[in-house]
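Data first, discussion second: the structure below is written as structure tokens.
There are 2 protein chains.
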Amino acid sequence: MDLFLKAMKGENKKSRPPIWLMRQAGRYMPEYRTLREKYSFMGLCKHPELIAEVTELPIKRFGFDAAIVFSDILLITETLGCELHFEEGRGPVITPIESVDSLVHHPVVPSMQFVMDGIRLLKERLQVPLIGFAGAPFTVASYLIEGGVSRDLKKTKRWMIENPESFHQLLQVIKRATIEYIQGQIEAGVDCIQLFDSWAHVLSWNHFEEFSFRYLQDIVSEFKKIPIIVFCRGSSFFYEKLAQLEPQVAISLDWHCDMAHIRKKLPKTTLQGNLDPDILLAASREQVVQEVDLLLEKMKDDPAFICNLGHGILPTTPEENVYALIETVHKNKI
Amino acid sequence: MDLFLKAMKGENKKSRPPIWLMRQAGRYMPEYRTLREKYSFMGLCKHPELIAEVTELPIKRFGFDAAIVFSDILLITETLGCELHFEEGRGPVITPIESVDSLVHHPVVPSMQFVMDGIRLLKERLQVPLIGFAGAPFTVASYLIEGGVSRDLKKTKRWMIENPESFHQLLQVIKRATIEYIQGQIEAGVDCIQLFDSWAHVLSWNHFEEFSFRYLQDIVSEFKKIPIIVFCRGSSFFYEKLAQLEPQVAISLDWHCDMAHIRKKLPKTTLQGNLDPDILLAASREQVVQEVDLLLEKMKDDPAFICNLGHGILPTTPEENVYALIETVHKNKI
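The listed protein sequences derive, respectively, from chains D and S. The working numbering puts the first residue of the first sequence at -1, with every later residue one more than the last. The working numbering puts the first residue of the second sequence at -1, with every later residue one more than the last.
Structure below.
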């Protein structure tokens, strides 16, 4: 079995740790930028052949140990009747919703057939495991309310606090669509699912439990046969809660915690992460090697560790640094 | 002795917890807004009589258990030769520095005599302890580099990673000025000092140690006779490190952690916090009472707990909610 799925099971005992990067098929790759001259981001996301082509780019070039379906956590919002587009330099733009009633519920799998077809193509071609993914309900809800990227989710938190009942209704609607979406991806053939709660870090402890964790739990408990990774920004403070998810999931940690410390607290959980994406962006080759060595030393002989960043790779990251990262991991024979 | 200083010593044994709020003299108070019609923010900050008047506003109205000198962590940058002003709705604006060489070092205490004079006036008038404060070097450096509020401190982190030597030089310059500034405030009469590392939460574990913690340690070790509180956004993940500061400090926690959990990890440290400022902003009176009761229940009979928010009170917070918070704390006879 390959390194990635072994580490997901906590059974990667006689080898280096697997490595892949969140957003590994993206702007930092010249091949990707070339494709983007011909196609819009949405154009790439909606075409099965292009999904497969882009997903494979970083595998072919860097030899990552897992591929992640090229897509975006917000595409699902179209199945809820939302208007979504992506603007250069601004990211996703959604017509903000004012109430849950404005959402519809199109069957997700037929509406997102392009993703399922992309996954099937990839499964014919790939030599490494394929990770499917979805946004967590809290994070997707925040985009629906804010209408795009926002610094501190003021509108979302105001809605959540002023009207928790309707906020829960919104989360339920998103959760149901998300479960359908994940079910479709699994049927199409993905080997693993990663949930992204990228905005959970704005929440208080109590609110995390009520508005994020509870929905992660509902989703995770639907899928007992496939390995699941949960990524939160905020996992550095929410990790002990995330470790209570049943069945147990792998936890993808942001870059603020000391992995060795988390390992002590969670001796068996598969841990993924957690290099600072800014290191890969701005450091010299020597610094990258040094930082990676430090992380690998902390996680030495760890059978349940997946090397990754603490968040997505940044668009202007030099490819030399990605090579430095991968070479350092590859030469690490444990 | 009063509740606040008792709790700072871990000796608040037979009473309710003390309460004060970060930024308690601010826009949410109509008296403050009236003053701001006559004076600019900087005008208020630089006039000893006005400093004293504004500092006292929330004590007179709400009966908080401690006052905090009305000022801003960035005023000190003027003693380093920086151009600083405040723009409505935008916050602080500083001409960004390109190198450490562009900084000068005016003697801090004479340059900030207005603060010292404000403190002396307050000490004649106040019935509650007075908290002086300063920004931590990392946070002040970030404003010098970004030129104002920034979402993720990209320029700061790039400088820090690309040129750690000159970044350390910058931190040293700010640290020296900060030590002078705190010394001046202590001589003028403050009863406690709070350090604000408001942007530490963007740092990785290693970088926090190298670029934030080390400087906090240098500052704290200069002042062995006065109680010190260290506030970080990011204290939810850095608290075990902060607890290593010597002499021991009180830790002001952001709103992401469970106070009961932190208390188990740090049985003796004075803990301050940690209500979500958005609760006070957007919740109903009943919700505020409920959230505060929850926190008070967690910290019941705790002799080393100071009730506060996890960050500054927000400008449009309804005063009714501040009253609800205070009344709930006041009726909590432990």
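C-beta: ideal position from N, C-alpha, C; glycine also. It should be emphasised that the depicted structure is a prediction, and the values quoted were computed from it without experimental measurement.
- Taking 8 Å as the upper bound for CB-CB distance, LEU169(S) and PRO135(S) are in contact here, some 4 Å apart.
- Below 8 Å, enough C-beta pairs join the segment 276 to 287 of chain D and the segment 154 to 162 of chain S to call them touching: three or more.
- The DSSP assignment places complete alpha helix (DSSP H) segments of no fewer than 4 residues inside the segment 262 to 317 of chain S at 275 to 280 and 283 to 296, in order along the chain.
- Interface annotation, LEU201(S): in contact with chain D, CB-CB separation under 9 Å.
- Along the segment 127 to 160 of chain D, the positions whose C-beta sits under 7 Å from a C-beta of chain S are ARG149, LYS155, ARG156, ILE159 and GLU160, read in chain order.
- Around the CB of THR137(D), 16 or more other CB atoms lie within 10 Å, so the residue is classed as buried.
- In this structure, the alpha-carbon of ILE184(D) lies about 26 Å from that of PRO90(D).
- For the pair CYS80(S) and ILE95(S), the Cα-to-Cα distance works out to about 8 Å.
- With three or more CB-CB distances shorter than 8 Å, the segment 171 to 184 of chain S counts as touching the segment 62 to 79 of chain S.
- Annotation for VAL171(S): the continuous alpha helix (DSSP H) segment containing it runs 162 to 186.
- Residue contact check for PHE165(D) against chain S: no CB pair falls below 9 Å.
- With fewer than 16 other Cβ atoms from the protein chains shown falling within 10 Å of its own Cβ, ASP99(S) counts as exposed.
- Rounded to whole angstroms, the gap between the alpha carbons of PHE209(D) and GLU163(D) is 11 Å.
- Contacts with chain D at 9 Å (Cβ-Cβ) include CYS255(S).
- With a threshold of 16 other beta carbon atoms within 10 Å, PRO28(D) falls short and is exposed.
- The CB of ALA281(S) comes closer than 8 Å to the CB of ILE159 and GLU160 in chain D, given here in chain order.
- Identification of residues in the segment 267 to 300 of chain S having a C-beta nearer than 9 Å to some C-beta of chain D yields ASN272, LEU273, ASP274, ASP276, ILE277, LEU279, ALA280, ALA281, SER282, GLN285, GLU289 and LEU292, given in sequence order.
- Between GLY130(D) and VAL67(D) a beta carbon distance of about 5 Å is seen, short of the 8 Å cut, so the two are scored as contacting.
- Neighbourhood of GLY232(S) in chain D, by CB distance below 7 Å: HIS254, in chain order.
- The beta carbon of ASN306(S) does not come within 9 Å of any beta carbon belonging to chain D, so the residue lies off that interface.
- Excluding sequence positions up to five before and after GLN285(S), its CB lies less than 6 Å from no other CB in the same chain.
- Contact fails between the segment 194 to 210 of chain D and the segment 315 to 323 of chain S, because fewer than three Cβ pairs, one in each stretch, are under 8 Å apart.
- Of all alpha-carbon atoms in ARG261(S), LYS223(S), LEU120(S) and GLU238(S), the one lying nearest the alpha-carbon of PRO245(S) is that of LYS223(S).
- In the DSSP annotation of this structure, the continuous segment of the beta strand (DSSP E) that includes GLU85(S) starts and ends at 82 to 85.
- Rounded to whole angstroms, the separation of the alpha carbons of LEU19(D) and THR32(D) is 21 Å.
- A distance below 9 Å separates the beta carbons of PHE236(S) and HIS254(D).
- Contact fails between the segment 49 to 68 of chain D and the segment 223 to 232 of chain D, because fewer than three Cβ pairs, one in each stretch, are under 8 Å apart.
- GLU54(D) places its beta carbon 9 Å or farther from that of LEU142(D).
- Chain order gives the chain D residues near PHE235(S) as SER234, PHE235, HIS254 and CYS255, where near means a beta carbon separation below 8 Å.
- ILE74(D): not part of any beta strand (DSSP E); DSSP gives it neither H nor E.
- In chain order, PHE211, LEU214, VAL228, CYS230, SER233, VAL247 and ILE249 place their CB closer than 8 Å to the CB of LEU240(S), counting only its own chain and leaving out the 5 sequence neighbours on each side.
- Between the beta-carbon of THR268(S) and that of ALA5(S) there is about 6 Å, and that keeps the pair under the 8 Å contact cut.
- Rounded to the nearest whole angstrom, the CA to CA distance from PRO16(D) to PHE2(D) is 5 Å.
- The C-alpha of MET297(D) lies about 30 Å from the C-alpha of ASP70(D).
- The Cβ neighbour count for GLN22(S), taken over all protein chains shown within 10 Å, is at least 16; the residue is labelled buried.
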